[in-house]
Amino acid sequence: MTISWSATSPTSGKFAPVERSDFAGLVERFDELRAQGRGYLEVRGSAAFPVLTLGFAGSVAVVHLMTDEDAMSLLAADEPADADAAVVVLDDLVDFTADFVLNLDRAWRVLEGFVRTGDPRRAGEWREL
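No gaps in the numbering here: position 66 of the sequence shown is 253 in the working numbering, and each next residue is one more.
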């Protein structure tokens, strides 16, 4: 699948909306942000939608799905986390209930699966906001 992605800048710590298209670059950026302990990524295919976002802080993450300009959903956790958590969304820490808090490794697998298939529905249960 052809992808476009943007992410937090590892140097400024702020979201950089410049889109890039290489998967290897996405993996490298994720690894850099993970080493820093927090970050935010947006990924889409060749169309404007769907867009998958992954925000994280430490070892916890939240995944959003935007199917159009007016529709956004959160990926429900397979098993709710032990506690609510705050993760990065764009440039801010945002609190989420444990029902949507994922392990960072699981969230990254969801994003990788979306890049491979273009189908966000395979990730699990999406709850519309």
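Built from N, CA and C at the ideal position, the CB exists for glycine as well.
Top-ranked residue by Cα proximity to residue i, from the options
i: residue 239; options: 304, 253, 285 and 263; result: 253
i: residue 206; options: 192, 198, 221 and 257; result: 192
i: residue 233; options: 303, 310, 219 and 211; result: 303
i: residue 297; options: 311, 243, 286 and 287; result: 311
i: residue 316; options: 258, 213 and 273; result: 258
Cβ neighbour criterion (16 or more within 10 Å) applied to residue i
i: residue 189; result: exposed
i: residue 228; result: buried
i: residue 194; result: buried
i: residue 250; result: buried
Cβ pair residue i, residue j closer than 8 Å
i: residue 248; j: residue 289; result: yes
i: residue 202; j: residue 282; result: no
i: residue 260; j: residue 314; result: yes
i: residue 237; j: residue 220; result: no
Does the count of Cβ pairs from the stretch 248 to 265 and the stretch 285 to 294 closer than 8 Å reach three? yes
Mind listing, in chain order, the continuous beta strand (DSSP E) runs of no fewer than 3 residues lying wholly within the stretch 196 to 232? 202 to 207 and 225 to 231
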